[in-house]
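In what follows, a single structure is set out as structure tokens and then discussed.
Numbering (the working numbering), first residue to last: 11 to 102.
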């Protein structure tokens, strides 16, 4: 598990401070602040992974935010990283 600090605010968003190492990180269901959007999905569907890749040029602590909006029906949300062997690891 990636060390993190989870803080809930009034918009039900979580601020996670992750320690990332150099290299490519694969993460699922992540959205940054409005000025830097890593990726997402905005349409109706069942529980399916949305994967994005991003590179970390320097090891350090990076603030990230996950925002989940439920339209209708059942809802679920997971935030995870994917190891090179395909194993998923929950962030928090």
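Built from N, CA and C at the ideal position, the CB exists for glycine as well.
Whole-Å CB distance - residue i paired with residue j, under 8 angstroms assumed
i: residue 57; j: residue 86; result: 5 angstroms
Length of the line joining the Cα atoms of residue i and residue j
i: residue 89; j: residue 96; result: 15 angstroms
i: residue 54; j: residue 78; result: 13 angstroms
i: residue 93; j: residue 84; result: 28 angstroms
Neighbourhood of residue i by C-beta, 8 angstroms cutoff - its chain only, sequence neighbours within 5 removed
i: residue 81; result: 54
Residues that DSSP places opposite residue i in a beta bridge
i: residue 93; result: Bridge partners of residue 93: none, in fact.
i: residue 99; result: 91
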